[in-house]
Amino acid sequence: MKKIAFIFPGQGSQTVGMGKELYERFDVAKAVFDAADEALGFSITNMCFNGPEDELRKTFNTQPAILTVSIACYEVLKEHGIMPDIVAGHSLGEYSALVAAGALSFADAVQLVRKRGQLMQEAVPLGEGSMAAILGLERQIVIDICQKAQAEFGAVQAVNFNCPGQIVIAGKKEAVEKAAEMLKEAGAKRAIMLPVSAPFHSTLMKPAAEKLALELSAITVSDAMIPVVANINGQIITNGQEIEKSLVKQADHPVEWEECMAQIIKSGASAFVEVGPGKVLSALTKKITKEVDNLNVEDSISLEKTLDYFKEVN
């Protein structure tokens, strides 16, 4: 029996129409969407299925939308008897992982990430912050050049260590643009400005992290029933209080995704299932290791492939 890891996507994986097939086909998926609509007080279901895209892209909508679709996919897998031995999620995806692990209730999580999106957007006014993906440079070079750029142009830092040769930087718009130029001069293959509305996981998110701490203190964060790998350090976490602290820190600290993946591999997991919209994490997994089986569940076709895989290996 293979050890299974579920990994949950973050922002950038959203598409109009996501989750619709599973909603129409499975009562457990429909129940998740209905619960999200009730908890939020408006139809996130309608936004997931029909957009418009510019509304879905607003971070306070994107976050609850992706969480809802991810948990709907998770419930369908669970109904088919496929459960993870370990979980992790990229940035926002960590909240989906914590719902799957029983540390957060779905209703609390969906309201929390809606609020998280609002707090992140308020921390840095629209148009003032930016992010860029840097391809083809080593970690230390990116860190060093960001420090140089910061001294001259303002806040910019490395915030997502996604896989070898893919690091995301974030900060003030001008500082990110200047750092991207400097990194290209230093040998980066590409520097791609990202279509996001805030500099996530940078020190500029400190006001959001402080307010998020108050939101978290008002809900119950339970001990996780499945090991969860934390974004902030790639360590396994199960204690409710530690999870709460970790989520606060996650808002204004880098995502150590490479470390998270190393920890999951170390745990012995050899079947990785990306649970939720898109295949962003599956692509990163392939760059990190060739030793695991890569699967995903976002619609009927990917679900059938994943179910067939587990029938064969079991």
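Under my numbering, the letters of the sequence shown match residues 119 to 432, in that order.
From the three backbone atoms N, C-alpha and C, an ideal C-beta is built for every residue, glycine too.
A quick note: this is a predicted structure, and the numbers were derived from the prediction, not measured.
Task: Segment contact, 8 Å Cβ cut-off, at least three pairs: the stretch 298 to 305 with the stretch 327 to 336 - done: no
Open item on the list: What does the alpha-carbon distance come out to for the pair S320 and S248?
Closed with: 10 Å
Open item on the list: Quick check: the Cα distance between I383 and Q132, rounded to an integer number of angstroms?
Closed with: 27 Å
Task: Cβ-based neighbour list, K405, same chain, cut-off 6 Å, excluding 5 preceding and 5 following - done: C281
Task: Same chain, Cβ closer than 8 Å to E246, neighbours up to 5 away in sequence not counted - done: K290 and K291
Task: Sequence-distant residues of the same chain with beta carbon closer than 7 Å to K120, five excluded per side - done: S388, A389 and V431
TODO: State buried or exposed for I419, treating a residue as buried only when at least 16 other CB atoms are found within 10 Å of its CB.
DONE: exposed
- [ ] Please list, in chain order, all residues of the same chain as G358 whose beta carbon is under 7 Å from its beta carbon, the five residues on each side excluded.
- [x] A221, V339, S340 and D341
Task: Residues near E374 by beta carbon distance below 8 Å, same chain, minus five either side - done: F279, N349, I350, N351 and G352
- [ ] Could you have a look at G289 and say whether DSSP puts it in helix, strand or coil?
- [x] strand
Task: Alpha carbon of K329 to alpha carbon of P243, nearest angstrom - done: 16 Å
TODO: Report the three-state DSSP secondary structure of S388 (helix, strand or coil).
DONE: strand
Open item on the list: Please report the straight-line C-alpha distance between I344 and L312, rounded to a whole angstrom.
Closed with: 33 Å
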